[in-house]
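**Student:** Structure below; questions to follow.
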Amino acid sequence: MHIAILAGSNKAASTSTKLCRYIETILKGQGHDTTLFDLHKRPVPLFSPDNRNPADDNLASLKRTMLQADAIVLATPDYHGSVSGTMKNALDHLGFDHFDGKTVLSVCSTGGAVGMSPLMQLQQIVRTLHGINCPEWISIGGDFREFDAEGVPVSAAVQERTVRAVSYFVRMASALRQPQ
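In full-length UniProt numbering, the protein residues as written are 1 to 180.
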């Protein structure tokens with residue numbers, strides 16, 4: 001299965017992006033193909049309804065990545081109780097054809113205990129785009145946002161939670177995967 005991972009932070013040392021890399025390691029270890037699209041390294045232009053498909057290599061790559069995915073991971077930092085502007089902007093460029101019938105895992109990193117609002121907002125956006133929300137989600141906060149030099153969460157509880165949620169996501173995506 002091919003899984004797209006969209007890292008929606010605009011920060012170089014983002015913990016939500018570190019969590020994406022850890023998830024990618026888990027998925028590759030299970031034999032899945034992955035594409036991690038890091039919006040910090042590959043920003044897309046500001047969405048405008050007046051120009052829905054601007055000529056931009058990063059945007060074209062993002063759209064291609066999402067179209068080719070069998071399942072999707074969306075990861076955002078918690079900014080003022082919401083998804084990042086970077087993530088929302090990228091999602092505004094995408095549509096039904098990128099999400100329809102695909103299982104989506106929502107992921108958040110927050111300075112507080114749990115980033116519930118951004119996760120719920122991501123799930124609302126996914127529903128609107130005809131994606132299928134995985135009932136599992138991942139939120140790391142406070143001191144649980146620490147990663148070692150190899151990119152593994154320092155907290156054994158975060159490692160366990162991430163593996164459990166990713167495994168559920170993969171089982172669900174495999175069961176719902178539309179034949180090519």
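Backbone N, C-alpha and C fix where the C-beta goes; we use that ideal spot for every residue, glycine too.
Using CA coordinates, which residue listed in F96, K63, N53 and K102 is at the minimum distance from V73?
**Tutor:** K102
**Student:** In the structure shown, what three-state DSSP assignment does V152 receive?
**Tutor:** Here V152 sits in coil by DSSP.
**Student:** What residue range is occupied by the uninterrupted beta strand (DSSP E) comprising D38?
**Tutor:** D33 to D38
**Student:** So what's V163 in DSSP terms, helix, strand or just coil?
**Tutor:** Note: V163 maps to helix in three-state DSSP.
**Student:** Among S9, I23, M1 and I3, which one has its Cα closest to the Cα of F147?
**Tutor:** I23
**Student:** Taking C-alpha atoms, which residue in V170, A175 and R177 lies nearest to K28?
**Tutor:** V170
**Student:** Is the distance from the Cβ of A71 to the Cβ of L39 below 9 Å?
**Tutor:** no
**Student:** Which residue wins for smallest C-alpha separation from I125, given the options D92, I138 and P135?
**Tutor:** D92
**Student:** How would you call T128, buried or exposed, if buried means at least 16 neighbouring beta carbons within 10 angstroms?
**Tutor:** exposed
**Student:** Give the straight-line distance between the Cα atoms of F37 and A60, rounded to the nearest whole angstrom.
**Tutor:** 12 Å
**Student:** Nearest-angstrom Cα distance between R42 and K11?
**Tutor:** 12 Å
**Student:** Would you list the one or two residues that DSSP bridges to F147?
**Tutor:** P153
**Student:** What do you reckon, are the CB atoms on M172 and I140 nearer than 9 Å?
**Tutor:** At least 9 Å separates the beta-carbon of M172 from that of I140.
**Student:** Run through the DSSP bridge pairs and tell me what T103 is partnered with.
**Tutor:** A71 and I132
**Student:** Spatial neighbours of F99 within its chain, please: C-beta separation below 8 Å, excluding the five flanking residues on both sides.
**Tutor:** When the five nearest sequence neighbours on each side are left out, the beta carbons in the same chain lying within less than 8 Å of the beta carbon of F99 are those of M66, I72, V126, L129, H130 and G131, in order along the chain.
**Student:** In terms of alpha-carbon separation, which member of S9, P45 and V166 lies closest to L94?
**Tutor:** P45
**Student:** Tell whether a beta-carbon distance below 9 Å holds between S109 and P77.
**Tutor:** yes
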